[in-house]
Amino acid sequence: MRWLYNIAIIIYLSGIRVFSLFNSKARKWIAGRRQIFDFLGKIPSDGRPVAWFHCSSLGEFEQGRPVFEAFHTQNPRFRILLTFFSPSGYDVKKNYEVADFVCYMPPDTPRNARRFIEILNPSLVMFVKYEYWHNYISEITRRTIPFYVLSANFRRDQYFFRWWGKWFLKNLKQTTLFFVQTQNSAELLQSHGINQVLVTGDTRFDRVLAVARQHVSFPVIEKFVKDQLVMVAGSTWLPDEEMLARLAQKSEVPLKLIIAPHETTELHLRKLETLFPEKPVRLSRAELLTEPYEVLIIDSIGMLSFAYRYGQIAYIGGGFGVGIHNVLEAAVYGIPVIFGPKFDKFREAQELIALGGAFCVKDYSGLVEVFSHLCSNPEAYKKSAEICREYVVHHAGATQKVLQCLKP
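To convert, take the position in the sequence shown, counting from 1, and add 804; that gives the working numbering.
Structure follows, in structure tokens:
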């Protein structure tokens, strides 16, 4: 089975190279990995141990960030290596101040895994959530390096637990300790003979609380909202944006709309602007904001988690595609949350709906119904808002549970 896996990796790399001829993100993926070993080879060794933290992308980085930073504070003698699989994470965090060095993870071939770990010689390795690379895990295990998986989440329909996934499941058994989000994940692993499991919860709760406590202000956004009803729509895709444009145009309640699209390419931003009869203003062009606008587009990465504080209602994008984005970034501010129907893989979305803090809409009419309900019923709005805030506070604390068990 291992040789099949390695062949699949080679085929995947070949596909990425071909795709890079037409796709800028794929080109970044290829280019960013060309000089990794030269980069690592030039890092002077000062005798200090290395802790290696790996994330797939920016979302997983934010999930792991509370642990990275707390570990750095408690273990200052360690040098921190941060790696990413995706350009969307690396591009934003390549200058992350807590890490001593940041780079892409080389493709998961046996040779790359051996060479990478031989150069680094880490004393501790932590992958975040869904990252399971066979050759790296095998090499880490062979060298008896403590290996942890942070904020892991497992479901019965994952390939590990299919009849053809036993080889992958065997790979999981090499992990030193799984920090899982739920008791269900722990029981699922234990039912397959993996007992090195600890239920710690989701570190994203700690991260969003830390962000909400930061005293960050954006004068342009503050001038834009002007104490009016504001909906902040985050990580939106075109189906989300088309509904939001209709709502903004037809709403009987005066509404200011802040949109932070998932894609911030010029092509997508122009397409988004065409959805509104009166052209929206982009944040990057709104320094003076001398004209009144009803729609503000956040056309940069990294501001969304702060922008939610200016809203009274949040809309989370992705629910009409592969799945919703981070609900907690909005809920932490104590505002009701709305999203599309693709939320079944997200426990916090399911629980917030059950509690009454979040609402699922299946189409535009559903969006109008929920929006009208929240605007016309102050008591219902207040209850939903309080549920969201209390839910986040109640589930915080995973970071400290993790740190108590890390053994560099």
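Every residue, glycine too, gets a C-beta built ideally from N, C-alpha and C.
For this session: Using beta-carbon positions only, say whether glycine 1038 and glutamate 1133 come within less than 8 Å of one another.
Result: To locate residue 1038, count along the sequence shown from 1; it is residue 234. To locate residue 1133, count along the sequence shown from 1; it is residue 329. In contact: glycine 1038 and glutamate 1133 (Cβ atoms closer than 8 Å).
Problem set entry | Best match in Glu1152, Val1029, Val1057, Pro880 for proximity to isoleucine 1101 [C-alpha to C-alpha] | Along the sequence shown, read from residue 1 onward, the residue named residue 1101 stands at position 297. The candidate whose alpha carbon is nearest that of isoleucine 1101 is Val1029.
Exercise. Is it the case that the Cβ atoms of isoleucine 944 and serine 927 are separated by a distance below 8 Å?
Worked result: In the sequence shown, residue 944 corresponds to position 140, counting from 1. In the sequence shown, residue 927 corresponds to position 123, counting from 1. Against a cut-off of 8 Å, the Cβ pair of serine 927 and isoleucine 944 comes out as no contact.
Exercise. Per DSSP, what kind of secondary structure is tyrosine 894 in: helix, strand or coil?
Worked result: Residue numbering aside, residue 894 sits at position 90 when the sequence shown is read from its first letter. Here tyrosine 894 carries a helix assignment [DSSP, helix/strand/coil].
For this session: Ignore the nearest five residues each way along the sequence and tell me which others in proline 891's own chain have a CB closer than 6 Å to its CB.
Result: Working through the sequence shown from its first residue, we reach residue 891 at position 87. Sequence-distant Cβ neighbours of proline 891 in its own chain, meaning closer than 6 Å and more than five residues away, are Lys829, Lys832, Trp833.
For this session: Excluding the 5 residues preceding and the 5 following glycine 997 in the sequence, name in chain order all residues of the same chain whose CB lies nearer than 8 Å to its CB.
Result: Counted from its first residue, the sequence shown places residue 997 at position 193. Taken in chain order, the residues that qualify are Lys977.
For this session: Would you tell me roughly how many angstroms separate the C-alpha atoms of glycine 1122 and proline 914, rounded to the nearest one?
Result: Along the sequence shown, one-based indexing puts residue 1122 at 318. Along the sequence shown, one-based indexing puts residue 914 at 110. Those two C-alpha atoms are separated by around 35 Å.
Problem set entry | Candidates Gly1138, Leu1171, Phe1147, Ile813: closest to valine 1012 by CA position | Within the sequence shown, the letter at position 208 stands for residue 1012. Considering only alpha carbons, the answer is Gly1138.
Problem set entry | For alanine 1200, three-class secondary structure by DSSP | If you number the sequence shown from 1, residue 1200 lands on position 396. DSSP places alanine 1200 outside both helix and strand once states are collapsed to three, so it counts as coil.
Problem set entry | Nearest-angstrom Cα separation, counted from isoleucine 1120 out to histidine 1129 | Counting from one through the sequence shown, the residue named residue 1129 turns up at place 325. Counting from one through the sequence shown, the residue named residue 1120 turns up at place 316. Roughly 6 Å separates the two Cα atoms.
Exercise. Does the beta-carbon of serine 818 have 16 or more other beta-carbons within 10 angstroms, so that it is buried, or is it exposed?
Worked result: Within the sequence shown, numbered from 1, the residue matching residue 818 stands at position 14. Exposed, by the Cβ-count rule.
For this session: In the DSSP assignment, find the alpha helix (DSSP H) that holds cysteine 1179 and state where it starts and stops.
Result: Residue 1179 sits at position 375 when you count from the first residue of the sequence shown. Element bounds for cysteine 1179: 1168 to 1180.
Problem set entry | Option nearest threonine 1216 by Cα separation, candidates Val1165, Phe958, Arg947, Arg1008 | The structure shown has nothing for residue 1216, since the chain only spans 805 to 1212.
Exercise. What did DSSP end up calling threonine 887 once you bin it into helix, strand or coil?
Worked result: Residue mapping note: residue 887 aligns to position 83 of the sequence shown, counting from 1. In the structure shown, threonine 887 sits in a strand (DSSP, three-state: E or B).
Problem set entry | Residues of its chain near proline 1043, where Cβ-Cβ distance is below 8 Å and the 5 sequence neighbours each way are ignored | Position 239 of the sequence shown, counting from 1, holds the residue named residue 1043. Beyond the five residues adjoining it in sequence on each side, proline 1043 comes within less than 8 Å, by CB distance, of Phe1124, Gly1125, Gly1144 in the same chain, given in chain order.
Problem set entry | 8 Å Cβ shell around leucine 1059 - same chain, five flanking residues per side excluded | Residue mapping note: residue 1059 aligns to position 255 of the sequence shown, counting from 1. Cβ neighbours of leucine 1059 beyond the five flanking positions: Gln1032, Leu1033, Val1034, Met1035, Leu1051, Ala1052, Glu1098.
Exercise. Between which two residues does the alpha helix (DSSP H) containing leucine 973 stretch?
Worked result: On the sequence shown, residue 973 is found 169 positions in, with the first residue counted as 1. Counting along the chain, the alpha helix (DSSP H) containing leucine 973 begins and ends at 970 to 976.
For this session: Rank Ile1105, Asp1010, Lys1146 by C-alpha distance to the C-alpha of glutamate 1067 and give the top, closest one.
Result: For the purposes of this step, residue 1067 is identified with residue 263 of the sequence shown, where counting begins at 1. The shortest Cα separation from glutamate 1067 among Ile1105, Asp1010, Lys1146 belongs to Ile1105.
Problem set entry | Burial state of tyrosine 963, where buried means 16 or more other Cβ atoms lie within 10 Å | Locating residue 963 in the sequence shown gives position 159, counting from the first residue. With fewer than 16 other Cβ atoms from the protein chains shown falling within 10 Å of its own Cβ, tyrosine 963 counts as exposed.
For this session: Please name the residue in Leu844, Asn1181, Lys1054, Ser1169 whose C-alpha comes closest to that of proline 1081.
Result: To locate residue 1081, count along the sequence shown from 1; it is residue 277. Ranking Leu844, Asn1181, Lys1054, Ser1169 by Cα distance to proline 1081 puts Lys1054 first.
Problem set entry | Residue nearest to leucine 1202 in terms of C-alpha spacing, selected from Ala1014, Gln1154, Ala1158 | Residue 1202 sits at position 398 when you count from the first residue of the sequence shown. The sequence shown places alanine at residue 1202, rather than the leucine named in the question. Alanine 1202 has its Cα closest to that of Ala1014, out of Ala1014, Gln1154, Ala1158.
Exercise. Between threonine 887 and the rest of its own chain, which residues show a CB-CB distance below 8 Å, the 5 nearest in sequence each way excluded?
Worked result: One-based indexing of the sequence shown puts residue 887 at position 83. Once the five neighbours on either side are set aside, the close Cβ partners of threonine 887 are Trp856, Phe857, His858, Cys859, Val906, Cys907, Tyr908, Met909.
For this session: Closer than 6 Å by C-beta to leucine 1061: which residues in its own chain qualify, once you throw out the five before and the five after it? Chain order, please.
Result: Here residue 1061 refers to the residue found at position 257 of the sequence shown. If the five residues before and after leucine 1061 are omitted, its C-beta is found closer than 6 Å to the C-beta atoms of Met1035, Ala1052, Val1099, all from its own chain and listed in chain order.
Problem set entry | DSSP-derived helix/strand/coil call for histidine 858 | Within the sequence shown, the letter at position 54 stands for residue 858. Here DSSP, grouped into helix, strand and coil, assigns histidine 858 to strand.
Problem set entry | Cα-Cα separation, proline 880 to glutamate 1190 | In the sequence shown, residue 880 corresponds to position 76, counting from 1. In the sequence shown, residue 1190 corresponds to position 386, counting from 1. For proline 880 and glutamate 1190, the distance between alpha carbons rounds to 39 Å.
Problem set entry | Those residues which DSSP pairs with glycine 1123 across a bridge | As a working note, residue 1123 is residue 319 in the sequence shown. Answer is none; glycine 1123 lacks a bridge partner.
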